[in-house]
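Numbering (UniProt numbering), first residue to last: 1 to 720.
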């Protein structure tokens, strides 16, 4: 065991680092609104302009839902709605193409005039209403606004969402997560030493974890396990036994495709058989929803906390909001909600200012009554649930303040900030953390937070500087491994995703050669898909390397002007410099065309790349091949496809590879495919990036189907 961590110093360092991170996110979000016209932001996919309020109603949880529709004075009907919409419309004009999605946090504000000065734009931003997008249709976007937003003093008689003002919306940073993390770190910093539980002492290295018997299969405390799923492999069963036997902390290391979530489901069911109550958390809504989906068929009392707009449709029936509405305890809430709906509808019909103010006042009183009735209903539902599921910061909500759990399980713990993990852990007795610390850590936007002891203002800054080694990128999973060693971890070793040849390099380089491909996946190829696929070199080879060495496929900086001397504003360019490679994009298009012509369905193909600018120039592929998926490597973590094409982009005489040199990012890229991995890149440039990259290039040259593109033929084909 390494030296123990001083808890007040740790908490102060985290507060300073979190402050810097929030400042970076807010600055980025504010800069979007301040430096770019609404129309430019709309073209970049992060905003919608020229909207008016179409309707108001009461949504789940008593929230006011505002439906925003195109202003008829500035819109025209279109047959193409926004991608990802639900097809619903408002009966009026269609919205233009945009990138607003359900679950996004948006600011809805009065739209500034084209001639508005920066100060006036800032004032309009300050008067805006924040909310969560609940529905996206062809001609409507519904937003559940924060309580009372747009009705508060100083925001005008009816606020930004009253009357018939022209408004716009833009995606913004969400500070709720930071507030919860800060509150938790403040509580941690104020704990007196006598309040340090055995669990907390282990997690900060003041005590060693309780010992676990070596032969768990025959251990009387774990007992003979009646497996719910007897098909679990030996490493999965060993991880579950270890998690059951551990007194304070257990780490389950799940490399790509090894059935980590499957293992957690069995662990939860075994904990319930031992009459234990479980809180399950994850850093993202999707990580939690995946567990809800798999637990639901087992018919156990469970509840999913969280904003309904951010949950998968398949789990809504288990959400607290729906259970509150449909349970017997929820019946007493419905009549208040009906009255609130009637008041919402009457606002638009009333022109008299005094009457409108009176209605708003009545709504506020109804909300108070609604909250009180709903609180009693919520307490009853949560108390009756053996398994409660929430995002990490969602576990800090009021619904769980009086609740106790025997075990806290954190999925995707290696993608979560440590401060985020402490939101549910501060009152925990035991925790099981599942993840893969050899894939990407949380994304950190503040450059300063990546440095040890990032500077910040006030006394917290001094503490952070003194706490050498604390960064936001270092997760609790990483820290516990370093603190207590591999004895607190069990690794899953049978992978069910990849062809054996695709798996081999990451297994040997990152997982000590311990991964083994399950028999059913070890040799499957695209040719063997359960529909007709022609036998070609592309459908029989599991691993292809298209090597662009020689300088004929140079990279391009995103800030390079085009032939006309102008720059095109794209979503990625709003967020800083990026790289692209037109030649590699042509090779991607050629390979996709070849796969589809052989019979592979576009929905079974994904193209991933580390660079957003490369994604931008590949975007037309979605029009040519509807169903194909394009994504950044970072955004594709946790996903998989039958065929994956990876465009590395970097090709320069200096041998600069940028963040391509991060081996965890490459680990994600090379472990997404099931049957086919095609890597496109310049081996001469990539080899110079690191010893890991050189070994990867050498591996591909020896083990992949190695191809060298014909530039002239490619150009002719791409023009055709």
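Glycine included, C-beta positions come from ideal geometry on N, C-alpha and C. It should be emphasised that the depicted structure is a prediction, and the values quoted were computed from it without experimental measurement.
Give me, in chain order, the residues of the same chain whose beta-carbon lies closer than 7 Å to that of residue i; leave out the 5 immediate sequence neighbours on both sides.
| i | result |
| --- | --- |
| residue 155 | Because the pLDDT of residue 155 is 41, which lies under 50, any placement of that residue in the model is unreliable, and the number read from its coordinates should be weighed accordingly. Closer than 7 Å at the Cβ level, and outside the excluded window around residue 155, lie 127. |
| residue 378 | 320, 324, 399 |
| residue 625 | 592, 596, 602 |
| residue 699 | 505 |
| residue 7 | 188, 191, 204 |
| residue 598 | 533, 534, 536, 538, 539 |
| residue 242 | 212, 216, 250, 490 |
| residue 721 | For residue 721 there is no data in the structure shown, the boundaries of the chain being 1 and 720. |
Pull up the DSSP beta-bridge partners for residue i, would you.
| i | result |
| --- | --- |
| residue 545 | 679, 706 |
| residue 130 | 107 |
| residue 67 | 55, 142 |
| residue 281 | 390, 410 |
| residue 609 | 632 |
| residue 725 | Residue 725 is absent from the model: the chain starts at 1 and stops at 720. |
| residue 591 | The partner list for residue 591 (beta bridge, DSSP) is empty, contrary to what the question assumes. |
| residue 431 | 249, 408 |
Determine the DSSP secondary structure at residue i, reduced to helix, strand or coil.
| i | result |
| --- | --- |
| residue 673 | strand |
| residue 422 | helix |
| residue 439 | coil |
| residue 579 | strand |
| residue 631 | strand |
| residue 647 | strand |
| residue 98 | coil |
| residue 135 | strand |
| residue 642 | strand |
| residue 533 | coil |
| residue 444 | coil |
| residue 370 | helix |
| residue 653 | coil |
| residue 398 | helix |
| residue 614 | helix |
| residue 667 | helix |
| residue 695 | helix |
| residue 383 | helix |
| residue 538 | helix |
From the options, pick the residue whose C-alpha is nearest to that of residue i; which is it?
| i | options | result |
| --- | --- | --- |
| residue 358 | 503, 527, 346 | 346 |
| residue 715 | 584, 616, 702 | 584 |
| residue 304 | 137, 280, 173, 326 | 280 |
| residue 540 | 501, 343, 699 | 501 |
| residue 264 | 248, 232, 283 | 232 |
| residue 222 | 202, 267, 520 | 267 |
| residue 527 | 643, 472, 434, 96 | 643 |
| residue 335 | 17, 143, 373, 589 | 373 |
| residue 169 | 645, 550, 352, 42 | 42 |
| residue 679 | 443, 178, 666, 646 | 646 |
| residue 669 | 15, 74, 640 | 640 |
| residue 107 | 69, 71, 167 | 167 |
| residue 693 | 648, 34, 653, 717 | 648 |
| residue 417 | 470, 73, 403, 710 | 470 |
| residue 489 | 434, 200, 537 | 434 |
| residue 275 | 175, 297, 72, 244 | 244 |
| residue 665 | 637, 689, 690, 673 | 637 |
| residue 64 | 229, 342, 37, 331 | 342 |
| residue 512 | 499, 525, 518, 492 | 492 |
| residue 410 | 145, 284, 548 | 284 |
| residue 630 | 606, 652, 352 | 606 |
| residue 620 | 600, 656, 586, 237 | 586 |
Going along the chain, which residues of its own chain have a beta-carbon closer than 8 Å to the beta-carbon of residue i, five neighbours each way excluded?
| i | result |
| --- | --- |
| residue 197 | 429 |
| residue 184 | 396, 419, 422, 423, 426 |
| residue 272 | 278, 300, 386, 387 |
| residue 11 | 185, 186, 188, 189 |
Apart from the five residues just before and just after residue i, which ones in its own chain have a Cβ nearer than 6 Å to its Cβ?
| i | result |
| --- | --- |
| residue 292 | 304, 315, 318, 389 |
| residue 523 | none |
| residue 677 | 502, 543, 644 |
| residue 401 | none |
| residue 697 | 683, 686, 687 |
| residue 14 | 185, 419 |
Alpha helix (DSSP H) runs contained entirely in the region 11-51, provided each spans 4 or more residues: 38-43
Alpha helix (DSSP H) runs contained entirely in the region 472-525, provided each spans 4 or more residues: 476-484, 500-510
Start-end ranges of the beta strand (DSSP E) lying completely within the region 276-348, minimum 3 residues: 278-282, 302-304
Every unbroken alpha helix (DSSP H) within the region 162-250, with a cutoff of 4 residues, ordered by chain: 176-190, 198-203, 234-245
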